[in-house]
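Written below as structure tokens is the structure these notes are about.
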Amino acid sequence: MEQIVTIVFALLVVWIVYKFLKDKQYSNESSLGNIASTIGVLGTFVGISIGLWKFDPSNISESVPMLLTGMKIAFATSIVGMSAAIFMKYTALKHEDDENIDDIMELFNTMINESRAVNNTLIENQKNTELVFNKISEVWISNQSKFTSDISNEILKLNNNTISKQNELIDEFKKLGETFKILNNGVENLLSWQENYKNTIEMTTKELNTVVKSITYIDDSIKDISQNSLLIKENNENLSDILRDIKCAQSIIVDGTKSIISISQKAEQSIPLINSYFENIDTNTNEAVNNLQGSLYENIHNVEAHLENIVSEVISKVEENKNIFNEEVKNYISEFKKMVYDINLCIPEISNSLQRSSDKFNNELSSFTREIQNALQENYNCINHQVNNLKKSTISINNNLDNTISQSTKRLENMNIATQNQIKIMVEDMEDIFTRKIEHLDNTLEIELEKSLNSLGKQLATISNRFAKDYIPLADKLKDVVKIAEGVR
């Protein structure tokens, strides 16, 4: 029965864990964990109810094993349910951490890829510009003759447009100066950002210190949990020792009650024998007294009859020798009267002695029966006192068991609440850390983009400078060509 109930609840919890792992329902870990823990609590109450269902206070020696089997079922099912809930919470937290780390790694990879793409585009643009300049130089070299002839035709137009273009270039250079001012402002902002970045680094170090402190707090709480579990184990061992002592006391009480019952049975068997013995003694003494009285009365009657015969004969003879035997007869009669008197005196003494002996036997018998009754009453009172003590001990044991169970459940609930609060605090701290890291990452990305844009602006500025440097000698050459053309004309 014990193993079947434990296996049923364990299979239910294992099925929930299997469904949790198979379907990967990491978001539902709280509900599934609560279901597993409630199944464990249900198993606890089922085990306690099984232990107390057939508990008989009058027969504790046979009821205690059933109570212990129920307690085994209760503790086994509660341990299975709570361990399953903790396992699901741990796997869910681990999976969430892995998902957050994977998301951050993917974000970093995408950012790196985007930065690489930007760098590649910049490199390709630079290469394209170099190719364009090379092609321009090649076309210029190959078509220089054609270009000079065409320039001679177009030189007038260019002279008309050069002034306007120069003015536009002056405006562009002014704008370029303004852009350089903006660039200087950007450099100043970059310096201020570096200071802010230093502050963010200090904040991250502080946050890491808080994380380390929370981890040490968790380590201390785990140590407290282990100490509480050791206390629960010690309470269970003390409870088992108490139950062993109670079992020994019960066996001693049972042996004492068996011996008392056997003594009382033997006493009950001996009392009728003693009563019959004393009744036989009374009947025999009464019969002896009656027989003695009857024999005495018969002897007296016979003696009187014989005496009357003798007296008649003596009188008949006395008449013959009255004077001779008168004194002798008187003496004989007096002696006979004395003898009759003595006999009459002896008869009541014998009856009194027999009565005294019978009274003595009756008194001894009554005292013996009273002593036996008192002994039986004392034994009965002792048994009742022991039974009451045993009931009180069972009540105290039940109260101790209830107190230990309630204390263990309260400790487990407090441990669960503490672990849940610690897990919540850890999750909140990790969320804050991840949000701060993401914000820091966004800031760094913005800064990197600003740097890339600044570098792009610098490259464009260098390109414009090169273009200006190349354009100024070209304009001088065009002026020389114009002068040559005017001289030719």
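425 is the number that the numbering used here gives to position 427 of the sequence shown; each next residue is one higher, with no gaps. Beta carbons are placed, not taken as given, at the ideal position from N, Cα and C, and that holds for glycine.
Buried versus exposed call for residue i [16 or more other C-beta atoms within 10 Å across all chains shown]
i      : result
Thr75  : buried
Ile71  : buried
Thr4   : buried
Ser35  : buried
Ile415 : exposed
Leu129 : exposed
Ile423 : exposed
Met86  : buried
Met201 : exposed
Ile121 : exposed
Ile48  : buried
Ile470 : exposed
Rounded C-alpha distance that separates residue i from residue j
i      : j      : result
Asn412 : Lys17  : 28 Å
Val78  : Asn401 : 22 Å
Ile2   : Leu50  : 18 Å
Lys125 : His438 : 34 Å
Asp357 : Arg368 : 16 Å
Asn441 : Lys481 : 58 Å
Lys20  : Thr89  : 12 Å
Asn382 : Lys390 : 12 Å
Ile445 : Glu426 : 28 Å
Ser394 : Arg409 : 22 Å
Ser56  : Val62  : 11 Å
Ala83  : Leu30  : 8 Å
Met64  : Asn372 : 39 Å
Lys204 : Thr433 : 15 Å
Asn452 : Asp474 : 33 Å
Asn118 : Asn111 : 10 Å
Ile69  : Ser81  : At residue 69 the sequence reads Met, which differs from the Ile that was named. Between Met69 and Ser81, the C-alpha separation is close to 18 Å.
Leu40  : Thr67  : 16 Å
Leu91  : Asn397 : 40 Å
Glu136 : Ser190 : 47 Å
Gln405 : Ser365 : 58 Å
Cut-off 7 Å between Cβ atoms - residues of its own chain near residue i, not counting five sequence neighbours on either side
i      : result
Ile37  : Phe7, Leu10, Val11, Gly79
Asp194 : For clarity, residue 194 is Asn in the given sequence; the question names Asp instead. Cβ neighbours of Asn194 beyond the five flanking positions: none.
Asn197 : none
Cβ neighbours of residue i in the same chain (closer than 8 Å, five flanking residues each side left out)
i      : result
Phe73  : Thr42, Gly45
Ile33  : Ile14
Ile208 : Ile is not the amino acid found at residue 208; the sequence shown has Thr there. Taken in chain order, the residues that qualify are Asp427.
Arg354 : none
Asn379 : none
Asn361 : none
Contacts around residue i, its chain only, beta-carbon distance under 6 Å, and the 5 residues preceding and following it disregarded
i      : result
Glu448 : none
Asn419 : none
Asp478 : none
Asn387 : none
Glu376 : none
Local conformation of residue i per DSSP, three classes
i      : result
Val316 : Interpretation of Val316 is limited by its pLDDT of 47, a score under 50 that renders its predicted location unreliable; no figure is taken from the coordinates.
Any chain B beta carbon closer than 7 Å to residue i
i      : result
Glu437 : Any reference to chain B falls outside this structure, which holds one protein chain only.
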